[in-house]
Amino acid sequence: MECPKCSGELETKTHGDDIKLESCRACYGLLVKGFILEKMREEFMAETFLDIGSASIGKKFDKIEDIQCPHCKVDMDMIVDPQQTHIGMECCPSCDRIFLDAGEFSDLKYKTFSDKIKALLKGRRN
Ligand SMILES: [Zn+2]
Ligand SMILES: [Zn+2]
Numbered sequence: 034m035e036c037p038k039c040s041g042e043l044e045t046k047t048h049g050d051d052i053k054l055e056s057c058r059a060c061y062g063l064l065v066k067g068f069i070l071e072k073m074r075e076e077f078m079a080e081t082f083l084d085i086g087s088a089s090i091g092k093k094f095d096k097i098e099d100i101q102c103p104h105c106k107v108d109m110d111m112i113v114d115p116q117q118t119h120i121g122m123e124c125c126p127s128c129d130r131i132f133l134d135a136g137e138f139s140d141l142k143y144k145t146f147s148d149k150i151k152a153l154l155k156g157r158r159n
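Mapping the sequence shown onto the numbering used here, position 74 (from 1) lands on 107, and the numbers just tick up by one.
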């Protein structure tokens, strides 16, 4: 299958028992189902195995916004993470797959983790 951003080849990757996604060999973008992305955010160190591209490559490809889902051939919608609105992702309205540029998953995950610590500290103070 072809990467919607750079026409590189998407290869299927698995991590643990229930994480399965597609990763581009050229731009290191990730194509992943919404519910699996949630699992990846909870999985310890998942980003070091799955999000191997550098953020600078991702930034370059992040500018490409008009992409089509390679599975459904429909235009993907731009969405932002509700907690981290600087992270823009493309989402397929038909199959619920999300495209993340290289580095975006690490960004999502790292901030989520530090936000959790902040919430914990806040809780302690009260
Ligand atoms: Zn690509
Ligand atoms: Zn789709």
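Cβ coordinates follow ideal geometry from the N, Cα and C atoms, glycine included.
Ala59 has its Cβ nearer than 6 Å to a heavy atom of ligand 1. Assignment of beta-bridge partners to Leu54 by DSSP yields Lys46.
Taking C-alpha positions only, His48 is separated from Ile131 by approximately 17 Å.
Ranked by Cα distance from Ile69, the first of Asp95, Asp129, Ser40, Cys60 is Asp129. C-alpha of Lys38 to C-alpha of Gly156: approximately 42 Å in a straight line.
According to the DSSP assignment, Ile112 belongs to the beta strand (DSSP E) that extends over 110-113. Check the Cα spacing between Gly86 and each of Leu54, Glu137, Met78: the tightest is with Glu137. Taking 6 Å as the cut-off, the C-beta of Lys38 counts as close to a heavy atom of ligand 1.
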